[in-house]
Ligand code: F6R
């Protein structure tokens, strides 16, 4: 995964790079490193652990001066988290930072070793500066040596490269994200927009095989063959404040509280209530009447949004929808063709498995549509169509506002397709629009009761295992609730379809296993109350999240949280919010690193 950043301009680079690196830390935090070019010398520092440890060293050191430099924060793939494996990597006077995986590094390394090159790390990256020096030694110039090296690499890379004897910074991209920030007489490179949004809002989204050369205050864009390419400069509406904590203790908490705004922004300009219409400006769907099947593919939290999408699409459109985890889909030879639509859901738009699933879909002639949060991301650029969730930058590693905006987009897409197919009438669509418009306010009423959830968290923080149960459209909701708890608090949490409980998990139930039920009063409610009965009989503790306190079960559970009412399709958006808060407060009480939980990274750009 890793985050890379680079700067070339008129200002001191050290501050700029460290600050940007902090914002990229969510992509990995096993080690951090920096390289600064100053009058023909490059000062390098690398440190195991977080950016703050690196900062302490370089801020008190006069060697770290210069107006050009690179920095890196690492999520270890090849080689343990350690100083020797931290980037930048250097050979002769060539210095490289890299995000991605060089698949053929073993054969390249063996060859280079045979030629006398000495390696200091276990990383795949280190072959890159060595290959460049090989070409330089044969008399190539810096740019040509980089291009020749890129041609030798198999795999993915976003690269920043500098050299002591050159006042030039070179960046290159293939299958890993890399953007160029365009400032006044200065340029930035970064793995994503929020890293440098405080410096500029003008960006170039590099494409695969692009090589960017920053020299003498200018930018030259070429491809690996040396041919000049043209790329548009985009203005991005995200602001610096959006990428900051704004008084909250953690980004995750801020992002949970931002959900009313994020959903409103996602609806704006798309819902036409009076006309009973939903329109997406950026979308030109093919002839939907020929569509035989819809697929919804994603990973993690985004996959849970897909299952919710399946429930709403099938119920209202009567089109078969198959959901799959992207890493499974891509390797299982799925049966799909040109009359299928593949909806790929991803916050980052950079998840390697989801991108591979899109490519598989395209190869087989399906129409691919991505639902993404990040402008210029690979899925946004490469799918046949794109709908953006306007959640704003999501920085906490645990996804929250991306999830509820993804559900909002899928709901609107269902209305859009329903109208096109004549499966939903204007009145019905108008009512549905009316319901989703009320969602931000309803979320706010839940957020206003966050203290209640905080108390629940205090009560339950000491338990070692949790079971989450729900049915129908709320089965993926509890899957999401359990995922949130385990990833940020490291407490074991399992989610089951409530009806499955008696087929195994019931054996776990006793007074040491809190059971979280999400069960609004829909067509599955009475059945789920039956499951609660079974838990109570076995002395299990129940936390019930429901919109109905009239059922006698409400008075028998250990803890009851009343949700606002909404239509079936939109229930998960409301019921997931207290689950997000529960996970957050438990993790906060336990003192874990909520925004950067161990072993995780925000964009999973490797398989
Ligand atoms: C969980 C979480 C992950 C992501 C998953 C997919 O809180 O954030 O499970 O949902 O890695 O990421 P995107 O949506 O960027 O494709």
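Residue numbers (this note's numbering): 388 to 994.
Beta carbons are placed, not taken as given, at the ideal position from N, Cα and C, and that holds for glycine.
Computed from a prediction, not measured in an experiment: that's the story for all the values here.
Three or more beta-carbon pairs separated by less than 8 Å link the segment 841–861 to the segment 909–926, which places the two stretches in contact.
Residue 394 is bridged by DSSP to 456, 575.
Linking residue 771 to residue 745 through their CA atoms gives a straight-line distance of about 10 Å. If you check the C-beta of residue 743 against the ligand F6R, you find no heavy atom less than 7 Å away. Judged by the Cβ position, residue 616 fails to qualify as a neighbour of the ligand F6R at the 7 Å threshold, every heavy atom of the ligand being at least this far. DSSP places residue 901 within a strand segment (E or B) once states are collapsed to three. Excluding sequence positions up to five before and after residue 557, its CB lies within less than 6 Å of the CB of 533, 548, 600, all in the same chain and listed in chain order. With respect to the 8 Å criterion, residue 667 and residue 794 are not classified as neighbours on the basis of their beta carbons. In this structure, residue 562 keeps its C-beta atom at 8 Å or more from the C-beta atom of residue 578.
Listed in chain order, the non-local C-beta contacts of residue 490 below 7 Å within the same chain comprise 541, 542, local neighbours out to five positions each way being set aside. Residue 528: not part of any beta strand (DSSP E); DSSP gives it neither H nor E.
Remark: the shortest separation between the CB of residue 789 and any heavy atom of the ligand F6R falls under 7 Å.
Put simply, the segment 421–434 touches the segment 456–467. At least three CB pairs are less than 8 Å apart.
When the alpha-carbon of residue 822 is set against those of 727, 721, 654, the nearest one is in 654. Annotated as proximal: residue 611 and residue 538, with beta-carbon spacing under 8 Å. Per DSSP, residue 483 lies in no alpha helix (DSSP H) segment; the continuous beta strand (DSSP E) that holds it begins and ends at 481–486.
Rounded to the nearest whole angstrom, the C-alpha separation of residue 559 and residue 673 is 34 Å. Distances from the CA of residue 916 to each of 888, 417, 895 were compared; the closest alpha carbon is that of 888. Closest by C-alpha distance to residue 412, out of 825, 755, 507, 582, is 582. The nearest non-hydrogen atom of the ligand F6R is less than 7 Å from the C-beta of residue 686. Scanning its chain for C-beta atoms nearer than 7 Å, with the 5 sequence neighbours on each side dropped, one finds around residue 712 the residues 686, 690, in chain order. Distance check between residue 568 and each of 696, 551, 715, 763 places 763 closest, using alpha-carbon atoms only. Between the alpha carbons of residue 738 and residue 992 lies a distance of about 5 Å.
The criterion of a C-beta distance shorter than 8 Å is not satisfied by residue 639 and residue 776. The beta carbon of residue 578 sits no closer than 7 Å to any heavy atom of the ligand F6R. Runs of alpha helix (DSSP H) with 4 or more residues, each lying fully within the segment 861–896, are found at 862–876, listed in chain order. Measuring C-alpha to C-alpha distances from residue 647 to each of 671, 779, 756, 734 identifies 779 as the nearest. If you ignore the 5 residues before and after residue 418, its C-beta comes within less than 6 Å of the C-beta of 435, 461, 468, 473, all in its own chain and listed in chain order.
The C-alpha of residue 924 lies about 29 Å from the C-alpha of residue 877. DSSP lists no bridge partner for residue 686.
Boundaries cannot be given for residue 771, as no beta strand (DSSP E) includes it and DSSP labels it neither H nor E.
Fully enclosed beta strand (DSSP E) runs of no fewer than 3 residues occupy 680–685 of the segment 626–694, in order along the chain.
One thing to note: residue 529 has its Cβ no nearer than 8 Å to the Cβ of residue 554. For residue 602, DSSP records a beta bridge to 605. Judged by the Cβ position, residue 831 fails to qualify as a neighbour of the ligand F6R at the 7 Å threshold, every heavy atom of the ligand being at least this far. In this structure the segment 475–484 touches the segment 507–515; the number of beta carbon pairs closer than 8 Å is three or more.
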